[in-house]
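Report on the following structure.
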Amino acid sequence: MSAETHHRAGNDASAPPALVYVIEDDADVAKLVLTALRDFGFACEVFGTGGAVLRRLQFEKPDLCIVDLGLPDMDGLDLMRRIAAASSAGVLILTGRGHTADRVMGLELGGDDYVTKPFESRELVARVRSILRRRSLAAGSAPGQRRYANFLGWRIDCAANVLRAPDGSEHLLGTAETQVLRCFVERPHQILTREQLMGERDLSPTDRSIDVRISRLRKKIEPDAHEPTIIKTVYGAGYLFAADVSWE
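Just add 1232 to wherever you are in the sequence shown, counting from 1, and you've got the working numbering.
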């Protein structure tokens, strides 16, 4: 069975280990990441340049890529675009850049989450596991899981990550966006906390990743993203999906 077609889980003894590509040019940092992931049962390969991993992607597709934004041969954000075009791998951004704009841009380009250097090994592993868990849920891997949800003329295919507009046009969503939208359509007219929407992970008050995902979804489905009527903010509590939903 090819690496592209079978499911792998980093902590499931009954399945082959999840394959993680680590793209990091600092040998010491790469060794720390590699040791942490292998200690928790992940299969890993390390690449020092963007070009090296792009060549490898022609032959094998990983479950997740950990991408350093400061690579010697290409910009990490550009590499993220090219990884997304070549595979369906999740992306964890690893960066020493302190600017919030860089992290937000990475999330806008489809990154699932980010970790800043220096990092705690246990946090890195937790973020990796969280991304893989969310992607598994969004892919509809659970038996009998509902796949198609309809609301206000929109239709979301939760297994293919495709959102179809009322005019018939289709948008390919990132896995993180699909996971958030699925949370909403499974529990319409309910206030959901940021932690619930991110998969029950404890969030730092400064973590803005969920806000980026909400913003991206609003730009797609709201008549006016600046005055949202579908995904409403409930200040001090979370968000509410104000639309009726039907499933098939």
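The beta-carbon is built from N, C-alpha and C at its ideal position, and this holds for glycine as well.
For glutamate 1402, there is no enclosing alpha helix (DSSP H); the enclosing beta strand (DSSP E) covers residues 1402-1404. For threonine 1425, the three-state secondary structure derived from DSSP is coil. Rounded to the nearest whole angstrom, the CA to CA distance from tryptophan 1386 to glutamate 1418 is 15 Å. In the same chain as tyrosine 1380, and ignoring 5 residues on each side of it, the C-beta atoms closer than 8 Å to its own belong to Arg1387, Ile1388, Asp1389, Cys1390, Trp1479 and Glu1480, in chain order. Contact check between the stretch 1284-1295 and the stretch 1266-1273: fewer than three CB pairs, one atom from each, fall below 8 Å, which does not count as touching.
For arginine 1366, the closest of Asn1393, Asp1476, Ser1353 and Glu1402 by C-alpha to C-alpha distance is Asn1393. Taking 8 Å as the cut-off, the beta carbon of aspartate 1344 is found closer than this to the beta carbon of alanine 1408.
Annotated as distal: serine 1441 and leucine 1341, with beta-carbon spacing of 8 Å or more. In this model, glutamate 1454 and isoleucine 1462 are separated by some 6 Å (Cα to Cα).
For leucine 1341, the three-state secondary structure derived from DSSP is coil.
Judged by DSSP in its simplified three-state form, valine 1417 adopts helix. Setting aside the 5 residues that flank it on each side, isoleucine 1363 is surrounded in the same chain by Leu1296, Gly1322, Leu1324, Asp1344 and Asp1345, each with a C-beta closer than 7 Å to its C-beta; the list follows chain order. Per DSSP, the continuous beta strand (DSSP E) segment holding threonine 1465 begins and ends at 1463-1466. Relative to the Cα of phenylalanine 1279, the nearest Cα in the group Ile1423, Lys1349, Thr1348 and Val1299 belongs to Val1299. In terms of Cα proximity to glutamine 1290, the closest of Phe1272, Gly1308 and Ala1316 is Ala1316. Sixteen is the threshold: when 16 or more other Cβ atoms of the shown chains lie within 10 Å of the Cβ of isoleucine 1255, as they do, the residue is buried.
A direct Cα-Cα distance of roughly 11 Å separates alanine 1469 from glutamine 1422. Sixteen is the threshold: since fewer than 16 other Cβ atoms of the shown chains lie within 10 Å of the Cβ of leucine 1384, the residue is exposed.
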